[in-house]
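Per this note's numbering, the very first residue in the sequence shown carries number 2; after that it's consecutive. See below for the structure under consideration.
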Amino acid sequence: MTNSITNPTNLKTSFGTWGRWAKRVGICKECPEPIEKGTEIIMSAGRTPEGYSYRNSWHLECWVKQLRRYLAEHPYIIKPGHPGKGRPSFNLTGEQRLCRRALITKFSRLGDKKREAVDLGLMVKLESLQQEGREMMAAMKDLGGVPKSWLM
Ligand SMILES: [Zn+2]
2 MTNSITNPTN
12 LKTSFGTWGR
22 WAKRVGICKE
32 CPEPIEKGTE
42 IIMSAGRTPE
52 GYSYRNSWHL
62 ECWVKQLRRY
72 LAEHPYIIKP
82 GHPGKGRPSF
92 NLTGEQRLCR
102 RALITKFSRL
112 GDKKREAVDL
122 GLMVKLESLQ
132 QEGREMMAAM
142 KDLGGVPKSW
152 LM
């Protein structure tokens, strides 16, 4: 059986999932007790990647149950770079937080030094400062990610 059948909440090729009053007695995919005529029924129909069509039905409560199970097995993950509203919250220890703050200060000073090097025409110095910046960025990746302002 393919994933799309065993996980009805993940039906990429599905025609859809819908609910209605059962027109006839069905069998629940979850429990699997009969679904009586005239009671709430959740149905789904679709086509497997192999091209076979199928239909599934559940008791409303059973469908909610299997959805909750599916969601528990696939926890909500906040995508990096999309922290949502407000400041991104980093999952850092106190020490890592201090490290991050120190690096931010250091990087800002590095910017001043770079501008100074450019003003004085010290290109070798500039290159070494740029290398230092790249090392800071690498370190920052383990400390909650490189701030966007560093990439400009
Ligand atoms: Zn059921």
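Using N, Cα and C, we set each Cβ at its ideal position, and we do this for glycine too.
Can you determine whether any heavy atom of ligand 1 sits closer than 8 Å to the C-beta of residue i, and answer yes or no?
i	result
E34	yes
W22	no
E37	no
E51	no
W151	no
E96	no
E41	no
H60	yes
E31	yes
C100	no
According to the neighbour-count rule (16 or more other Cβ atoms, all chains shown, within 10 Å of its Cβ), is residue i buried or exposed?
i	result
G20	exposed
N57	buried
I36	buried
G47	buried
L104	buried
I43	buried
M2	Reliability of the predicted coordinates at M2 is poor, the pLDDT of 38 falling under 50, and the value obtained from them is presented with this limitation in mind. Per the 10 Å Cβ criterion, exposed.
K30	buried
A139	exposed
G27	buried
If I measure Cβ to Cβ from residue i and keep anything under 8 Å in the same chain, skipping five residues before and after, which residues do I get?
i	result
T40	W22, A23 and H60
S54	A46, G47 and R48
L130	L111, K114, K115 and A118
Between which residues of its own chain and residue i is the CB-CB distance below 6 Å, once the five residues before and five after are set aside?
i	result
G1	The requested residue 1 does not occur in the structure, where the chain is confined to residues 2 to 153.
T18	S45
W64	I43
D143	none
Query raised in the report: Would you call the segment 95-103 and the segment 69-79 in contact, with 3 or more CB pairs under 8 Å?
Result: no
Report task. With a floor of 4 residues, list each alpha helix (DSSP H) that falls wholly inside the segment 43-130, ordered by position along the chain. Result -> 61-74 and 95-121
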